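Numbering (our numbering), first residue to last: 21 to 390. Ideal Cβ placement from N, Cα and C applies to all residues, glycine included. What you are looking at is a predicted structure, and each value in this text was computed from that prediction instead of being measured.
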């Protein structure tokens, strides 16, 4: 069986689906691995490292897509790429199924079985496959560095010959994987950190990282889905949530917002009125920018200044740490392949709770309505 790794073509994408260490494991399992020339270069993985791991380097994506039984990617294929995938092959990638109806239809017409890495179920035996969590870890870490670089002040407390500098106050909105990593990173850099989340269950995790949990009167038990994600709040609960955030955010120096609701636009947690009340020079890094943003002023991919507050809307932050982001994603894919491949053959059993949750096209049909 052949596994193919094309070079990513999305703008600013520097990750690669498999790193050489994982390729070596697949080769040891008697799989053939085809890697497009230069596929790992932007993540500091040269072609020679893939050759040494046992991969075959091919000059272009067309051959990888045409020959591979399983195509592994990071970002969704373009329509042109999708049209080149061999009929009957398997594609594993982030696919953004709620936004890519036309792509899913094309893959179904091509009789491609497509696995969406966004849909790994939140169950214990799928934990090692959870690419959303691995890439959110990278994004949460990098968001704090981006925010610290934009701040006009130090993050830690410093005692100098010129006097003592007070530490920056950091507020993290959302305590999922990205938020928890942002908390940990801000604490490592010496910030005084507080965090908000609508899910009561995360209070202990937030406090274990040395941050203050500030949302006790606003959280509700119904705010968490069975899969551990945040649920959209009722209007009155959301109003109380915004009041709490407004009271707390005005004294902050750096705000990292990470709140997302699967399949829905990101909740608006930072309003224009809040921006007017915040200190000039405060920096907001909105990790929900691609889903519409948690801040009303967020512009995806841009930095704007509103009422003296710097609002950054970075997109695809994981790609800015490509070596480790690729390494983590590669391990996620390897765990999934171990689940799917038995005795050298890949089996798509849609009755399996992992496979069934992830497959969006199979046997020429859509299995999920975008």
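Leaving out five residues before and five after residue i in sequence, what residues of the same chain have Cβ atoms less than 7 Å from its Cβ?
i: residue 271; result: 189
i: residue 355; result: 148, 149
i: residue 204; result: 229
i: residue 241; result: Confidence in residue 241 is poor, its pLDDT being 49 and thus under 50, which makes the residue's placement too unreliable to answer from.
i: residue 210; result: 175, 176, 177, 187
Kindly indicate which three-state DSSP category residue i falls into: helix, strand or coil?
i: residue 364; result: coil
i: residue 111; result: strand
i: residue 375; result: helix
i: residue 241; result: In this prediction, residue 241 scores a pLDDT of 49, lower than 50, which makes its location untrustworthy; no coordinate-derived value is stated.
i: residue 323; result: strand
i: residue 143; result: coil
i: residue 290; result: strand
i: residue 155; result: helix
i: residue 183; result: strand
i: residue 28; result: coil
i: residue 178; result: strand
i: residue 37; result: coil
Can you check DSSP and say which residues form a bridge with residue i?
i: residue 94; result: BP columns for residue 94 are empty, so no partner.
i: residue 23; result: 53, 90
i: residue 381; result: 134, 386
i: residue 233; result: 215
i: residue 277; result: 193, 306
i: residue 3; result: Because the chain is modelled from 21 through 390, residue 3 falls outside the range shown and cannot be assessed.
i: residue 78; result: 56
Please tell me whether residue i has its Cβ less than 8 Å away from any Cβ of chain C.
i: residue 119; result: The chain labelled as chain C is not found in the depicted structure, where only one protein chain is given.
What residues in its chain sit with their C-beta under 8 Å from that of residue i, if we drop five residues either side in the sequence?
i: residue 295; result: 315, 316, 317, 326, 327, 329, 331
i: residue 370; result: 376, 379, 382, 387
i: residue 50; result: 364
i: residue 99; result: 122, 123, 126
i: residue 155; result: 338, 345, 348, 349
i: residue 173; result: 185, 188, 273, 301
i: residue 212; result: 187, 188, 189, 190
i: residue 152; result: 137, 138, 140, 197
i: residue 391; result: Nothing can be reported for residue 391, as the shown portion of the chain is limited to 21 through 390.
Report back the beta-carbon spacing between residue i and residue j to the nearest angstrom; my notes put them in contact at under 8 Å.
i: residue 312; j: residue 285; result: 4 Å
i: residue 226; j: residue 255; result: Their Cβ separation, rounded to whole angstroms, is 26 Å, which puts residue 226 and residue 255 out of contact at 8 Å.
i: residue 75; j: residue 54; result: 7 Å
i: residue 37; j: residue 343; result: Wrong, their Cβ atoms sit about 14 Å apart, outside the cutoff.
i: residue 262; j: residue 280; result: Not confirmed; about 17 Å, so no contact.
i: residue 310; j: residue 335; result: 5 Å
i: residue 235; j: residue 216; result: 5 Å
i: residue 119; j: residue 339; result: Their Cβ separation, rounded to whole angstroms, is 18 Å, which puts residue 119 and residue 339 out of contact at 8 Å.
i: residue 170; j: residue 307; result: Not confirmed; about 14 Å, so no contact.
i: residue 123; j: residue 104; result: Wrong, their Cβ atoms sit about 13 Å apart, outside the cutoff.
i: residue 268; j: residue 214; result: 7 Å
i: residue 102; j: residue 131; result: Wrong, their Cβ atoms sit about 12 Å apart, outside the cutoff.
i: residue 273; j: residue 302; result: 6 Å
i: residue 96; j: residue 116; result: 6 Å
i: residue 193; j: residue 133; result: Wrong, their Cβ atoms sit about 38 Å apart, outside the cutoff.
Below 6 Å CB to CB, which residues in the same chain sit around residue i once its five sequence neighbours on both sides are set aside?
i: residue 164; result: 202, 205, 206
i: residue 90; result: 23, 110
i: residue 377; result: 139, 141
i: residue 69; result: 40
i: residue 178; result: 185
i: residue 29; result: none
i: residue 161; result: 201, 205
i: residue 112; result: 92, 135
i: residue 305; result: 163, 166, 167, 276, 332
Beta carbon of residue i: closer than 7 Å to some heavy atom of the ligand COA?
i: residue 30; result: This structure simply doesn't include the ligand COA, nor any ligand for that matter.
Subject >> Touching by the beta-carbon criterion (3+ pairs, under 8 Å), the segment 36-54 and the segment 345-355 >> reply: yes
Subject >> At least 3 beta-carbon pairs within less than 8 Å: the segment 120-129 vs the segment 58-73 >> reply: no
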